[in-house]
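Step one of this worksheet: look at the structure below.
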Amino acid sequence: MDSGEALLRARAYESAGRPKEALNEIRRALAVDPEDPELLFYASRYATELDDHADAMGYAKTLVGVAPDLPLAHFQLGVVYLSINKVKEAEEAMRAAIGLDPQFDDAWAVLSIILTKRSRHKEALEAAETALAIDAENSTALNSRTVALNNLGRRVDAMDAAKMAARQLPDDTNTHQMMGWTALRSGRANDAMESFKEALRLDPTDQDAREGLLEALRGRFWPYRILLNYYFWMSRFGTQARWAIAIGITILPRALRGISAQYPQLGPFLLPLAAVVVIFIWTQWFLAPLINVSLLFHKLGRYALTKGQTANALCILVLLATTLVLSVGLLLAGRGTDAASAVAIVGAICLFCLGGLGTYSKTEGLLKWGSVAVLVIFELIQLVVFLGVMLRS
Numbered sequence: 095m096d097s098g099e100a101l102l103r104a105r106a107y108e109s110a111g112r113p114k115e116a117l118n119e120i121r122r123a124l125a126v127d128p129e130d131p132e133l134l135f136y137a138s139r140y141a142t143e144l145d146d147h148a149d150a151m152g153y154a155k156t157l158v159g160v161a162p163d164l165p166l167a168h169f170q171l172g173v174v175y176l177s178i179n180k181v182k183e184a185e186e187a188m189r190a191a192i193g194l195d196p197q198f199d200d201a202w203a204v205l206s207i208i209l210t211k212r213s214r215h216k217e218a219l220e221a222a223e224t225a226l227a228i229d230a231e232n233s234t235a236l237n238s239r240t241v242a243l244n245n246l247g248r249r250v251d252a253m254d255a256a257k258m259a260a261r262q263l264p265d266d267t268n269t270h271q272m273m274g275w276t277a278l279r280s281g282r283a284n285d286a287m288e289s290f291k292e293a294l295r296l297d298p299t300d301q302d303a304r305e306g307l308l309e310a311l312r313g314r315f316w317p318y319r320i321l322l323n324y325y326f327w328m329s330r331f332g333t334q335a336r337w338a339i340a341i342g343i344t345i346l347p348r349a350l351r352g353i354s355a356q357y358p359q360l361g362p363f364l365l366p367l368a369a370v371v372v373i374f375i376w377t378q379w380f381l382a383p384l385i386n387v388s389l390l391f392h393k394l395g396r397y398a399l400t401k402g403q404t405a406n407a408l409c410i411l412v413l414l415a416t417t418l419v420l421s422v423g424l425l426l427a428g429r430g431t432d433a434a435s436a437v438a439i440v441g442a443i444c445l446f447c448l449g450g451l452g453t454y455s456k457t458e459g460l461l462k463w464g465s466v467a468v469l470v471i472f473e474l475i476q477l478v479v480f481l482g483v484m485l486r487s
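In the numbering used here, the protein residues as written are 95 to 487.
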């Protein structure tokens with residue numbers, strides 16, 4: 095098969111949103127000419143789009159071996175490394191591409207993304223601005239520049255950069271997402287909602303925009319805005335620093351109680367502070383799933399929630415209603431506060447489990463069916479406690 099014909103067919107499939115068929119066309123051509131640099135580049139690119147990381151890496155490394163002086167070869171290798179989160183190797187490959195062609199704006203733009211992932215935000219900004227000096231309309235660099243400015247705490251500059259990107263690229267979904275996240279960092283949840291809605295209008299299948307819309311909807315509640323600001327602040331640090339901060343916050347209440355025990359005169363100041371920290375810690379566990387319950391009754395909220403999040407929110411709603419009805423029923427039946435407390439404690443434990451699933455589960459299936467399973471188990475326990483008390487003579 096002629097490589098030029100294969101490339102034409104592959105690009106037609108790519109334009110139609112069919113990368114699998116595009117890759118098959120390239121593979122058939124590679125069977126005839128396995129060292130064609132252009133075929134290898136597109137094979138790696140399409141495999142990356144399909145999350146076939148092993149093949150993508152194989153094609154990219156073969157491309158570098160066949161054409162070591164081709165900047166695009168090192169660029170594609172860096173993209174593949176970035177797709178599997180090997181950021182150190184990705185940076186090395188991208189700098190190799192830039193070394194061969196210092197005017198390679200896409201390489202500078204992707205390098206900016208890599209440096210952001212490595213928490214080197216000042217360098218990320220410099221790389222993005224270098225890309226924009228070469229091509230002022232590079233969409234990746236425009237968005238990466240906004241991210242870098244946000245991570246450097248330059249919110250006004252970040253908003254200006256996001257607006258400039260939106261003016262230059264009005265039909266780019268990523269640009270509107272950046273506008274949304276920048277507005278959210280500035281505490282402007284309603285503006286963020288509009289930006290994410292525009293991104294979804296341009297691409298209704300964009301899951302990142304849907305997630306952003308959900309965060310914006312949650313951000314209308316001031317307790318969640320505090321939590322969001324904490325997350326945004328933490329994102330400015332590297333992985334090790336984030337872990338250190340999280341561990342420090344976790345052990346802080348115990349340390350404050352220890353100090354107050356040793357110095358009782360400080361107790362009136364330290365113990366309330368310890369209580370606030372404990373509430374903040376538990377807020378990270380429960381708040382988002384609880385807000386999701388309210389979003390079940392919001393038009394945009396129902397759209398933004400995934401099926402797993404909807405199931406989790408419905409389970410929490412059923413749990414809260416059941417716990418309230420059973421507890422009040424025991425009190426009205428004169429069974430005392432101890433019996434009602436027992437039912438409430440079972441409900442609190444269930445809420446703890448559902449909250450953890452809602453906040454930390456990354457798998458839709460686990461979130462959906464795990465929530466249902468947890469609810470059924472604890473509802474049965476609640477029912478047993480309720481009937482046991484009611485039937486007791």
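Glycine included, C-beta positions come from ideal geometry on N, C-alpha and C.
Original post:
In chain order, what residues of the same chain lie with their CB nearer than 6 Å to the CB of ALA154, ignoring the 5 residues before and after it?
Top reply: Along the sequence shown, read from residue 1 onward, the residue named residue 154 stands at position 60. Only SER138, GLN170, LEU171 and VAL174 meet the Cβ criterion.
**OP:** Reducing DSSP to helix, strand and coil, say where THR416 ends up.
**Re:** As a first step, residue 416 must be located in the sequence shown, where it is residue number 322. Three-state DSSP puts THR416 in a helix.
**OP:** Just confirm the distance between the C-beta atoms of ALA110 and PRO131, as a whole number of angstroms; I'd bet it's less than 8 Å.
**Re:** As a position in the sequence shown, residue 110 is number 16, starting the count at 1. As a position in the sequence shown, residue 131 is number 37, starting the count at 1. No, ALA110 and PRO131 are not in contact; Cβ-Cβ is about 25 Å, not under 8 Å.
Original post:
Does the beta-carbon distance from MET273 to ALA310 come in below 8 Å?
Top reply: The residue given as residue 273 occupies position 179 in the sequence shown. The residue given as residue 310 occupies position 216 in the sequence shown. No, these two residues do not count as a Cβ contact at 8 Å.
Original post:
Does the count of Cβ pairs from the segment 375 to 382 and the segment 353 to 363 closer than 8 Å reach three?
Top reply: no
**OP:** Pull up the distance between the alpha-carbon of ILE207 and that of PRO165, whole angstroms please.
**Re:** Residue 207 sits at position 113 when you count from the first residue of the sequence shown. Residue 165 sits at position 71 when you count from the first residue of the sequence shown. The alpha-carbon atoms of ILE207 and PRO165 are separated by roughly 18 Å.
**OP:** Quick one: grab the DSSP three-state call for LYS180.
**Re:** By 1-based counting over the sequence shown, the position of residue 180 is 86. LYS180 carries a coil assignment under DSSP once its states are collapsed to helix, strand and coil.
Original post:
Taking buried to mean at least 16 other C-beta atoms within 10 Å of its own C-beta, is HIS168 buried or exposed?
Top reply: Counted from its first residue, the sequence shown places residue 168 at position 74. Result: buried.
Original post:
Should TRP202 go down as buried or exposed, given a rule of 16 or more other Cβ atoms within 10 Å for buried?
Top reply: In the sequence shown, residue 202 corresponds to position 108, counting from 1. Buried.
**OP:** Give me the Cα-Cα distance between LEU408 and LEU144, rounded to the nearest whole angstrom.
**Re:** Numbered from 1 along the sequence shown, position 314 holds the residue referred to as residue 408. Numbered from 1 along the sequence shown, position 50 holds the residue referred to as residue 144. If you take the alpha carbons of LEU408 and LEU144, they lie about 34 Å apart.
Original post:
In chain order, what residues of the same chain have a beta carbon less than 7 Å from the beta carbon of LYS462, not counting five sequence neighbours either side?
Top reply: Mapped onto the sequence shown, residue 462 falls at position 368. Within the same chain, Cβ atoms closer than 7 Å to the Cβ of LYS462 are found at LYS401, GLY402 and ALA405, the five residues on either side in sequence being excluded.
Original post:
Which of the three DSSP states, helix, strand or coil, is assigned to ASN386?
Top reply: Working through the sequence shown from its first residue, we reach residue 386 at position 292. Note: ASN386 maps to helix in three-state DSSP.
Original post:
Unbroken alpha helix (DSSP H) runs of length 4 or more, entirely within the segment 331 to 373: which are they?
Top reply: 333 to 356
**OP:** Identify whether LEU485 lies in helix, strand or coil by the three-state DSSP scheme.
**Re:** Along the sequence shown, one-based indexing puts residue 485 at 391. In the structure shown, LEU485 sits in a helix (DSSP, three-state: H, G or I).
Original post:
Apart from the five residues on each side of it in sequence, which residues of its chain come closer than 7 Å, Cβ to Cβ, to GLN197?
Top reply: Your numbering for residue 197 matches position 103 in the sequence shown. Taken in chain order, the residues that qualify are ILE228.
Original post:
Under 8 Å between the Cβ atoms of THR431 and GLN476?
Top reply: For the purposes of this step, residue 431 is taken as the residue at position 337 of the sequence shown. For the purposes of this step, residue 476 is taken as the residue at position 382 of the sequence shown. No, the Cβ-Cβ distance between THR431 and GLN476 is not below 8 Å.
**OP:** Check whether the segment 338 to 358 touches the segment 299 to 313, taking contact to mean three or more Cβ pairs, one atom from each stretch, closer than 8 Å.
**Re:** no
Original post:
Taking Cβ positions, are ASP199 and ASN232 nearer each other than 8 Å?
Top reply: Residue 199 sits at position 105 when you count from the first residue of the sequence shown. Residue 232 sits at position 138 when you count from the first residue of the sequence shown. Yes, Cβ-Cβ distance for ASP199 and ASN232 is below 8 Å.
Original post:
So, HIS215 versus SER177, is the Cβ gap smaller than 8 Å?
Top reply: The count along the sequence shown starts at 1 and reaches residue 215 at position 121. The count along the sequence shown starts at 1 and reaches residue 177 at position 83. Contact flag unset, no.
Original post:
So LEU209 and ALA218 are in contact, right, with Cβ under 8 Å, and what is the actual spacing, rounded?
Top reply: By 1-based counting over the sequence shown, the position of residue 209 is 115. By 1-based counting over the sequence shown, the position of residue 218 is 124. That belief holds up - the Cβ atoms of LEU209 and ALA218 are roughly 4 Å apart, short of 8 Å.
**OP:** For the alpha helix (DSSP H) containing GLN271, list its first residue and its last residue.
**Re:** The sequence position of residue 271 within the sequence shown is 177, counting from 1. Unbroken alpha helix (DSSP H) run through GLN271: 267 to 279.
Original post:
What is the DSSP secondary structure of GLU473, counted as helix, strand or coil?
Top reply: Position 379 of the sequence shown, counted from the start, is the residue given in the question as residue 473. Residue state, collapsed to three classes: helix.
Original post:
If you draw a straight line from the C-alpha of ILE120 to the C-alpha of ALA187, how long is it?
Top reply: For the purposes of this step, residue 120 is taken as residue 26 along the sequence shown, with counting starting at 1. For the purposes of this step, residue 187 is taken as residue 93 along the sequence shown, with counting starting at 1. As the crow flies, the alpha-carbon of ILE120 is around 24 Å from that of ALA187.
Original post:
In whole angstroms, what is the alpha-carbon distance linking ALA436 and VAL479?
Top reply: The residue you call residue 436 lines up with position 342 of the sequence shown. The residue you call residue 479 lines up with position 385 of the sequence shown. Cα to Cα, ALA436 sits roughly 7 Å from VAL479.
Original post:
Apart from the five residues just before and just after ARG351, which ones in its own chain have a Cβ nearer than 8 Å to its Cβ?
Top reply: As a working note, residue 351 is residue 257 in the sequence shown. Taken in chain order, the residues that qualify are LEU364, LEU365 and ALA368.
Original post:
Would you call the CB atoms of ASP294 and ALA303 closer than 8 Å?
Top reply: Along the sequence shown, read from residue 1 onward, the residue named residue 294 stands at position 200. Along the sequence shown, read from residue 1 onward, the residue named residue 303 stands at position 209. Before going further, note that residue 294 is Leu rather than Asp in the sequence given. Cβ distance < 8 Å, so LEU294 and ALA303 count as in contact.
Original post:
Can you give the Cα-Cα distance for VAL250 and ALA260, rounded to whole angstroms?
Top reply: Walking along the sequence shown from the start, residue 250 turns up at place 156. Walking along the sequence shown from the start, residue 260 turns up at place 166. Cα to Cα, the separation comes out at about 15 Å.
Original post:
Does the separation of the CB atoms of LEU383 and GLY452 fall below 8 Å?
Top reply: The residue given as residue 383 occupies position 289 in the sequence shown. The residue given as residue 452 occupies position 358 in the sequence shown. The residue you asked about is not Leu; residue 383 is Pro in the sequence shown. The answer is yes: Cβ separation under 8 Å.
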